[in-house]
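Notes to accompany the following structure.
In full-length UniProt numbering, the protein residues as written are 1 to 376.
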């Protein structure tokens with residue numbers, strides 16, 4: 001408890017391996033502070049905060065592996081699927097993080113620690129084994145659970161689905177340690193906005209609209225995907241969100257095929273919720289956070305280039321329930337764009353169906369309430 005300010009502190013730790021983990025962290029921070037004025041939060045990407053020079057190199061190497069050797073990543077993911085981090089990795093984390101993380105915790109004195117990435121969860125779990133007596137809550141930010149997330153020192157897991165809960169139970173975690181909360185999305189995604197005002201804000205035409213997202217890294221699935229899409233640019237409006245990928249944004253902006261009134265190119269924006277609401281179809285990499293945001297907005301989704309492992313499981317989950325489907329060929333794109341251009345009411349009906357269907361899968365607990373219970 002912060003005696004000076006009379007507030008309870010929550011330290012939320014993430015890592016920069018993909019934007020979704022940190023987006024979930026900030027979503028939790030906003031939600032907690034909206035729920036209770038006596039809660040103060042602090043969000044840290046632990047590696048970037050403690051090692052601002054080293055971390056970008058590691059994240060760049062990780063991103064390069066994902067983009068250039070996805071099958072290798074998939075083999076590594078599956079080979080370690082039911083295992084915790086190996087001893088060498090744990091030793092590396094110990095050398096790089098433990099002492100400094102302990103100092104941060106001691107200085108800031110949180111009433112609870114929340115982790116949205118497995119690495120800080122491993123670090124804090126080890127500190128708890130060494131005597132740290134602060135509740136630890138870990139948020140699994142996909143629709144699957146890899147062994148690196150699993151630690152008996154975690155007081156509470158917040159998970160997306162009953163299936164993820166059952167996988168944790170199968171690995172020795174008790175039912176009392178797991179709450180099905182869904183993946184936390186920013187509260188703004190649960191706010192309805194006026195479509196006409198959004199169109200005016202972003203200078204959008206009153207046309208069927210497709211939002212194309214590449215995640216925080218702006219990976220848009222190679223030239224073939226976007227080239228298939230923009231052949232429809234005279235009948236359908238496209239919004240390409242390139243995230244922090246300034247190189248890809250500049251490349252598309254220089255391409256005359258994209259210099260069209262029905263094509264809008266955007267970099268990083270904090271108004272994805274509005275853009276989803278103004279759009280009729282979301283074409284995206286199937287990151288856990290983006291899929292959850294799309295579900296919150298009930299927008300139909302098409303998935304491309306899933307990362308082998310967790311993103312493949314995300315695709316399976318949303319496809320199985322009818323909220324989206326993978327792009328298996330150019331025909332998938334053609335079928336949806338033809339429906340948008342010629343049978344727009346069918347797409348609207350799909351969105352209405354998603355809205356009513358998602359109520360069946362609403363989680364049984366609220367993220368903020370779970371953390372507040374840990375604070376006592």
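All C-beta atoms, glycine included, are put in the ideal place defined by N, C-alpha and C.
Within its chain, find whatever has a CB closer than 7 Å to the CB of residue 253; leave out the 5 residues flanking it on each side and keep chain order.
-> 265
Taking the CB atoms as reference points, tell me whether residue 179 and residue 370 lie closer together than 7 Å.
-> yes
Reduced DSSP category for residue 309 - H, G, I as helix; E, B as strand; rest coil | coil
Terminal residues of the continuous beta strand (DSSP E) containing residue 9?
-> 8-14
In chain order, which continuous runs of the alpha helix (DSSP H) of length 4 or greater are located wholly inside the region 281-355?
-> 288-296, 310-320 and 330-342
Please state if the CB of residue 304 and the CB of residue 272 are separated by a distance shorter than 7 Å.
-> no
Minimum length 3: unbroken beta strand (DSSP E) runs contained in the region 152-182 = 156-159 and 178-180
Residues that DSSP places opposite residue 239 in a beta bridge = 211 and 264
Could you please give me the residues that DSSP links to residue 230 through a beta bridge?
-> None; residue 230 has no bridge partner.
If we ignore side chains and look at the alpha-carbon of each, how far apart do residue 120 and residue 158 end up?
-> 15 Å
What whole-angstrom Cβ distance do residue 300 and residue 351 have, given they're in contact under 8 Å?
-> 6 Å
Going straight from the alpha carbon of residue 324 to that of residue 109, what length do you get?
-> 43 Å
Provide the residue(s) that pair with residue 46 in DSSP beta bridges, ordered along the chain.
-> Bridge partners of residue 46: none, in fact.
Taking just the CA atoms, how far does residue 20 sit from residue 290?
-> 7 Å
Determine the extent of the alpha helix (DSSP H) in which residue 371 is found, giving its start and end residues.
-> 367-375
Using the DSSP secondary-structure output, state which residues sit across from residue 139 in a beta bridge.
-> 158
May I ask which residues mark the beginning and end of the alpha helix (DSSP H) holding residue 124?
-> 118-129
What distance in whole Å lies between the Cβ atoms of residue 171 and residue 139, which are believed to be in contact at a cut-off of 8 Å?
-> Incorrect: roughly 17 Å between the Cβ atoms, too far for contact.
On a CA-only basis, which of 294, 292 and 288 is nearest residue 310? Give me that one, please.
-> 288
Straight-line Cα distance separating residue 298 from residue 132 = 42 Å
Rounded separation between residue 46 and residue 344 - CA only = 46 Å
State the beta-bridge partners of residue 115 as determined by DSSP.
-> 13 and 138
Closer than 6 Å by C-beta to residue 14: which residues in its own chain qualify, once you throw out the five before and the five after it? Chain order, please.
-> 21, 22, 25, 45, 116 and 117
Pick out whichever of 31, 315 and 322 has its Cα sitting closest to the Cα of residue 357.
-> 322
Coarse secondary structure for residue 33, derived from DSSP in three states = helix
From the DSSP output, in three-state form, read off residue 362 for me.
-> coil
Out of curiosity, what's the CA-to-CA distance linking residue 10 and residue 190?
-> 23 Å
Please work out which residues of its chain come closer than 6 Å, Cβ to Cβ, to residue 282, disregarding the five sequence neighbours upstream and downstream, and give them in chain order.
-> 211, 294, 299 and 301
Please confirm whether residue 97 and residue 123 have their CB atoms less than 7 Å apart.
-> yes
For residue 249, the first and last residue of its enclosing alpha helix (DSSP H) = 246-254
From the DSSP output, read off the bridge partner residues of residue 277.
-> For residue 277, which the question treats as bridged, DSSP gives no partner whatsoever.
Which of the three DSSP states, helix, strand or coil, is assigned to residue 22?
-> helix
If you run the structure through DSSP and keep just helix, strand and coil, what is residue 38?
-> coil
Work out the CA separation of residue 43 and residue 422 for me, nearest whole Å.
-> Given that the chain is displayed from residue 1 to residue 376, the structure contains no residue 422 and the question cannot be resolved.
Touch check for the region 196-204 and the region 273-280: three-plus C-beta pairs under 8 Å?
-> yes
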